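Written out below as structure tokens is the structure these notes cover.
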Amino acid sequence: MRMFEGKVGLVLGVANDRSIAWAISEALMAEGAELAFTHLPGESSERRVRRLVEACQPKLLMSCDVQQDRDLDGVFSQMAETYGTIDFVIHSIAFAPPQELRKPYVEMSREGWHLAMDISAYSLVAVSRRAAEIMPDGGSIVTISYYGGEKVFPGYNVMGVCKAALEHSVRYLAWDLGRKQIRVNAISAGPMRTLSSAGVSGFDEMREHAVRKSCLGRNVEFRELGKAGLYFLSDLSEGVTGEVLHVDCGYSVVGL
Ligand code: NAP
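Per the working numbering, the sequence shown starts with residue 339, numbered consecutively.
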């Protein structure tokens, strides 16, 4: 029997076939998981995501801007109506205004800072609270972080501050939801070429540096992030919560 046969999960943050959320989704579907997806409101987002996910015939493909409580309420009530209960959630979402990322962090506007923090960090709290209501028998929630939340990467700027908040939210959520047997963890991924990372100035340099410096002498592959997702969302990690797992070919352990 496949590892995720009979398990149901929600995936937030698939944009295209280079999305980290898609790599994890593919790994889950290969193991028999039933997945529901969201896309940003708007026809072009819906078309883009629908084209990608239609092969797996999801029962639900829902519009959701994580800044909107109404959208989040709608997503989780549709999950409850369709499935009753769910087993896991993938939160793979971040955003900062590109023009703000190009400026030094010290020049960051209040408005841009709040927007980035709301979408990239607070959304995990908003999602986890609602997910917990339909996880009566426990569950697993995973989010995606980056080493720029621990160390300064010039150009990563406010996104690094958001990742620091996201990672510490993982620990507080793990505490709040732990007695309900709901686990919350993060994968800290090596730099990947995706739609989001295209907005980070100096990204190619970060990627090349990661290859030179990492223990394995290469960058992580999407399928390896998929496997890390399987680990956190399955019983393989049943005693693990509040963790940030670096899936970066050992980049973060080398002090060069
Ligand atoms: P991606 O494919 O562009 O995924 C980001 C997703 O966030 C997209 O689906 C995007 O939707 C969605 N999104 C943005 N604002 C949203 C909002 N207000 N409401 C709902 N969804 C929203 O890029 P990715 O690299 O896979 O990013 C996924 C996660 O991995 C992010 O948290 C990112 O910081 C993290 N991460 C990435 C890397 C990397 O090198 N790529 C490394 C470590 C961690 P639209 O595309 O429709 O705008």
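Note that CB positions come from ideal geometry on N, CA and C, so glycine has one too. Quick caveat: nothing in here was measured; it's all calculated off a predicted structure.
{"Query": "Reduced DSSP secondary structure (H/G/I, E/B, other) of R521", "Result": "strand"}
{"Query": "Helix, strand or coil at T420 [DSSP, three-state]", "Result": "helix"}
{"Query": "Status (buried if at least 16 other CB within 10 Å, exposed otherwise) for K518", "Result": "exposed"}
{"Query": "G540 and C587 closer than 8 Å at C-beta", "Result": "no"}
{"Query": "Whole-angstrom distance between R521 and L515, CA atom to CA atom", "Result": "7 Å"}
{"Query": "Contact test: V404 Cβ vs ligand 1 heavy atom, cutoff 7 Å", "Result": "yes"}
{"Query": "Near ligand 1: A502 beta-carbon under 7 Å from a heavy atom", "Result": "no"}
{"Query": "Stretch pair the segment 485-492 + the segment 561-571: three plus CB contacts closer than 8 Å", "Result": "no"}
{"Query": "Local conformation of L350 per DSSP, three classes", "Result": "strand"}
{"Query": "R556 versus V585 - alpha carbon distance", "Result": "12 Å"}
{"Query": "Counted within 10 angstroms of its Cβ, other Cβ atoms place A512 as buried (16 or more) or exposed", "Result": "buried"}
{"Query": "Close beta carbons around R386, own chain, < 8 Å, minus the five adjacent residues each side", "Result": "A353, N354, H377"}
{"Query": "R531 versus R356 - alpha carbon distance", "Result": "7 Å"}
{"Query": "Contacting residues, own chain, Cβ-Cβ under 6 Å from F342 (five flanking each side not counted)", "Result": "L366, E369, G370, A371"}
{"Query": "Reference Y484; option with closest CA among F570, I428, I525, Y421", "Result": "I525"}
{"Query": "Length of the line joining the Cα atoms of A393 and E505", "Result": "33 Å"}
{"Query": "Nearest-angstrom beta carbon gap, C402 and L350 [assumed within contact, 8 Å]", "Result": "7 Å"}
{"Query": "In DSSP terms, what L399 is bridged to", "Result": "F375"}
{"Query": "Any non-hydrogen atom of ligand 1 closer than 7 Å to M530 Cβ", "Result": "yes"}
{"Query": "From L399, E471, A359, V404, residue whose alpha carbon lies closest to that of I482", "Result": "A359"}
{"Query": "Beta-carbon spacing of L348, A374 below 8 Å", "Result": "yes"}
{"Query": "C-beta atoms of S458 and M497 nearer than 8 Å", "Result": "yes"}
{"Query": "Of the residues L453, T420, F414, the one placed nearest E471, counting alpha carbons only", "Result": "F414"}
{"Query": "Rounded straight-line distance, which links the Cα of G450 to that of S507", "Result": "20 Å"}
{"Query": "Distance CB(A548)-CB(Y510) smaller than 8 Å", "Result": "no"}
{"Query": "Check: S415 C-beta below 7 Å from any heavy atom of ligand 3", "Result": "As far as ligands go, the structure on display features ligand 1 and does not contain ligand 3."}
{"Query": "Cβ-heavy atom distance, I424 to ligand 1, below 7 Å", "Result": "no"}
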